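Engineer: Before I ask anything, here is the structure I am working with.
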Amino acid sequence: MDGFQVVEQIQQHPQHKDIPIIFVTARDDEASIQKAFDIGGVDYLTKPFLKAELLARVKTQIRMLGLVRHLEQLFMMSSAAFTIAGVFLNWGRSCTSWAVSSWNLP
8 MDGFQVVEQI QQHPQHKDIP IIFVTARDDE ASIQKAFDIG GVDYLTKPFL KAELLARVKT
68 QIRMLGLVRH LEQLFMMSSA AFTIAGVFLN WGRSCTSWAV SSWNLP
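As numbered in my numbering, residues 8 to 113 make up the sequence shown, in order.
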């Protein structure tokens, strides 16, 4: 089983599909690099590499994952706010319709 197959196995499990995958490999051909990104890799590092470079790339992915989660939370909060606003808007329309029909206004 090669690294590509391992990633494909990881991607099949819903609880693991959002894990950022950084390929660390000796393969430096364009086809391998393209395949790595096509199957879900977020970064690609060829050997030999500097330890500091690998750590920087890992830290970047951790930071990006945190930002994505933060944005998801903001989206959920804004969605909830829009839902609440929609409820009040519909209530307001209902009240207006009731008032117009009750008072026989044109």
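Virtual Cβ for every residue (Gly too), placed ideally from N, Cα, C. Because the structure is a prediction, the values reported are computed rather than measured.
Given a cut-off of 8 Å, decide if K54 and A38 are closer than it, judged by their beta-carbon atoms.
Structural biologist: The residue given as residue 38 occupies position 31 in the sequence shown. The residue given as residue 54 occupies position 47 in the sequence shown. Contact: no.
Engineer: Under the three-state reduction of DSSP, which class applies to F30: helix, strand or coil?
Structural biologist: Translated into the one-based positions of the sequence shown, residue 30 becomes position 23. F30: strand per DSSP, three-state reduction.
Engineer: Buried or exposed for A43, please, with buried defined as at least 16 other CB atoms from any protein chain shown within 10 angstroms of its CB.
Structural biologist: Reading the sequence shown from its first residue, position 36 is the one you call residue 43. Buried, by the Cβ-count rule.
Engineer: Let me see if you follow: with CB-CB separation under 8 Å, is T53 close to chain D or not?
Structural biologist: Of the protein chains in this structure there is only one, and it is not chain D.
Engineer: Check whether the stretch 62-72 and the stretch 80-92 touch, using three or more Cβ-Cβ pairs below 8 Å as the test.
Structural biologist: Judged by Cβ distances under 8 Å, the stretch 62-72 makes no contact with the stretch 80-92, as fewer than three pairs qualify.
Engineer: Beta-carbon separation of V49 and P27 under 8 Å?
Structural biologist: What you label residue 49 is simply residue 42 of the sequence shown in a count that begins at 1. What you label residue 27 is simply residue 20 of the sequence shown in a count that begins at 1. Cβ distance < 8 Å, so V49 and P27 count as in contact.
Engineer: Considering only residues of the same chain and omitting the five flanking positions on each side of F56, which have a CB-CB separation below 8 Å?
Structural biologist: The residue given as residue 56 occupies position 49 in the sequence shown. The residues are V31.
Engineer: Could you have a look at G48 and say whether DSSP puts it in helix, strand or coil?
Structural biologist: Numbered from its first residue, the sequence shown carries residue 48 at position 41. G48 falls in the strand class under three-state DSSP.
Engineer: Given G47, which residues of its chain have a CB within under 7 Å of its CB, disregarding the five upstream and five downstream residues?
Structural biologist: Looking up residue 47 in the sequence shown gives position 40. Excluding positions up to five away in sequence, the list reads V14, Q18 and I28.
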